[in-house]
Amino acid sequence: MPKVSAKDTKKSAGVQAAAKKRAKKDPNKPKRALSAYMFFVQDYRERIKAENPDASFGDVGKLLGIKWKEMSAGEKKPYEDKAQADKARADKENAAYKANGKAAKKAAPASDSDEDDDDE
DNA sequence: AGGTTGATTGTTTAT
DNA sequence: ATAAACAATCAACCT
Numbered sequence: 001m002p003k004v005s006a007k008d009t010k011k012s013a014g015v016q017a018a019a020k021k022r023a024k025k026d027p028n029k030p031k032r033a034l035s036a037y038m039f040f041v042q043d044y045r046e047r048i049k050a051e052n053p054d055a056s057f058g059d060v061g062k063l064l065g066i067k068w069k070e071m072s073a074g075e076k077k078p079y080e081d082k083a084q085a086d087k088a089r090a091d092k093e094n095a096a097y098k099a100n101g102k103a104a105k106k107a108a109p110a111s112d113s114d115e116d117d118d119d120e
């Protein structure tokens, strides 16, 4: 388990909270895979709204997290499964990313490939 | 090689 | 369209 630096390399480690909307460094990342939470929300968002029709953005968000924590491993299982499924899908994108976007910046061999790309 | 850190994912509603 | 909280994750980068 990646424990927080015993010394103090940096402070807050692991808890970025709402640390998004950040500038990406890599040219074109295949957008990693979604987390089990993402799938959980996609299915629960409507339920949360159903039980909290007047819940605001922050309220619903918090409720989602609380519910998620209350979820049993069995309940999260299907969500984790989807997360893994997306992971597999992301893996494919990742392969393409490394194949044509990482270092190689040459035109991909478009002739006898089974893959089909129309743009570019 | 191991650990840390940042970037990313999707949703909500309101401005 | 974006803002932040919610939890996960993981790939890259540094020591």
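No gaps in the numbering here: position 4 of the first sequence is 4 in UniProt numbering, and each next residue is one more.
We put the CB at the ideal spot given by N, CA and C, even for glycine.
*Following the continuous alpha helix (DSSP H) through Asp54, name the residue where it begins and the one where it ends.*
Asp54 -> no alpha helix (DSSP H), and no H or E assigned at all.
*asked:* Using only the alpha-carbon positions, how far apart do Ala83 and Phe40 sit?
replied: In this model, Ala83 and Phe40 are separated by some 9 Å (Cα to Cα).
*Mapping DSSP to helix, strand and coil, what is Lys77?*
Helix at Lys77.
*For Leu63, which of helix, strand or coil comes out of DSSP?*
If DSSP states are grouped into helix, strand and coil, Leu63 belongs with the helices.
_Backbone secondary structure at Arg47 - three-state DSSP_ = Helix.
_Where Leu34 sits in the DSSP three-state scheme_ = The answer is coil: DSSP assigns Leu34 none of H, G, I, E or B.
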